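Protein chains in written order, with this note's numbering: chain R, 108 to 242; chain V, 108 to 242.
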DNA sequence: CCTTTACATTGATGATCGTCGATGGTCATT
DNA sequence: AATGACCATCGACGATCATCAATGTAAAGG
């Protein structure tokens with residue numbers, strides 16, 4: 108089958124705080140985030156990103172998933188444009204697409220200080236404050 | 108009873124390329140990304156982020172969704188720690204949690220340029236056109 | 001206290017997703 | 001050519017999700 112599956116694009120090249128997202132853009136962007144919304148895929152991406160290239164056969168072991176499941180998840184990540192696969196002999200080698208991750212980062216950019224946001228609230232914004240209130 | 112809900116935290120304070128994600132961390136992180144994996148929630152977050160505070164009543168109109176649906180989505184975003192709600196009189200006011208977005212950004216941090224990323228293979232993949240002035 | 005307004009919750013339904021077993025195709029080896 | 005190894009796809013099942021109608025709960029006003 109042709110590997111020319113539709114690769115999801117990140118439509119929001121700027122922070123989403125600038126303006127309300129269009130519906131079409133929201134659908135496209137949500138598809139990319141949805142690809143990250145699974146623990147198995149997140150671990151796959153993590154494993155691939157931690158190395159230069161990763162063979163599919165190296166994913167089944169650590170993730171304790173069957174081969175079709177791994178293939179399914181890698182296909183989803185590839186459709187989201189987060190990884191790109193290359194076939195070397197019998198093995199499939201995956202690598203991350205840094206540009207796509209960078210694009211997601213841009214979408215998650217919070218409002219800059221120049222914007223009219225109460226500075227007192229953003230002053231102490233640094234690491235993650237353990238503000239969990241379950242108790 | 109609403110505040111008793113467990114607010115998801117981003118366990119991965121560093122880039123996920125550093126090492127393979129643990130399963131528990133992957134589950135927690137995936138929950139946050141899954142909250143962003145829906146177009147409606149993405150638009151809700153966008154609308155809230157584009158303003159200082161947003162009333163729930165201002166969301167049903169632009170999104171063309173029923174009130175329970177909006178409430179459901181805002182609750183999910185709040186459970187993911189992406190927004191935080193405050194009740195002022197009869198209205199519910201939502202605002203983003205910049206720390207959580209910043210934490211997600213950190214997780215999406217790609218490997219720094221010093222690492223060996225072959226740009227030749229990424230030349231033709233670039234969905235991101237740098238020509239995005241947006242202004 | 002009662003009415004109105006606004007948000008949260010419940011129950012139900014249709015759709016999507018994650019997972020696996022089975023099958024087919026492609027490449028390397030013999 | 002035959003065999004084995006490896007990956008993608010298909011079909012199916014169970015689980016989760018998104019959505020809405022109806023109802024409950026909390027706050028503001030007379």
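Positions of the beta carbon are idealized from the N, C-alpha and C atoms, including for glycine.
Remember, predicted model here, so these are calculated numbers, not experimental data.
Taking only three categories from DSSP, how would you classify residue i?
{"i": "residue 148/R", "result": "helix"}
{"i": "residue 193/V", "result": "strand"}
{"i": "residue 216/V", "result": "coil"}
{"i": "residue 187/V", "result": "coil"}
{"i": "residue 170/R", "result": "helix"}
{"i": "residue 143/V", "result": "helix"}
{"i": "residue 208/V", "result": "helix"}
{"i": "residue 136/R", "result": "helix"}
{"i": "residue 221/R", "result": "Bear in mind that a pLDDT of 41 at residue 221/R, under 50, signals an unreliable position, so the number given afterwards is only what the model happens to contain. Note: residue 221/R maps to coil in three-state DSSP."}
Assuming residue i contacts residue j (C-beta within less than 8 Å), just tell me the rounded distance between them.
{"i": "residue 163/V", "j": "residue 199/V", "result": "5 Å"}
{"i": "residue 137/V", "j": "residue 146/R", "result": "4 Å"}
DSSP beta-bridge partners for residue i?
{"i": "residue 162/R", "result": "200/R"}
Can you check which of these residues, the options, is closest to residue i by C-alpha distance?
{"i": "residue 188/V", "options": "194/V, 195/V, 180/V", "result": "180/V"}
{"i": "residue 171/V", "options": "213/R, 130/R, 149/R", "result": "130/R"}
{"i": "residue 148/V", "options": "178/R, 213/R, 133/R, 190/R", "result": "133/R"}
{"i": "residue 159/R", "options": "197/R, 190/R, 169/R", "result": "190/R"}
Measure the Cβ-Cβ separation of residue i and residue j and say whether it is below 8 Å.
{"i": "residue 140/V", "j": "residue 152/R", "result": "no"}
{"i": "residue 155/V", "j": "residue 204/V", "result": "no"}
{"i": "residue 217/R", "j": "residue 135/V", "result": "no"}
{"i": "residue 128/R", "j": "residue 195/V", "result": "no"}
{"i": "residue 186/V", "j": "residue 192/V", "result": "no"}
{"i": "residue 211/V", "j": "residue 215/R", "result": "yes"}
{"i": "residue 201/R", "j": "residue 176/R", "result": "no"}
Under 7 Å from any heavy atom of the ligand FAD, does the C-beta of residue i make it?
{"i": "residue 212/R", "result": "The ligand FAD is not among the ligands present in this structure, which contains no ligands whatsoever."}
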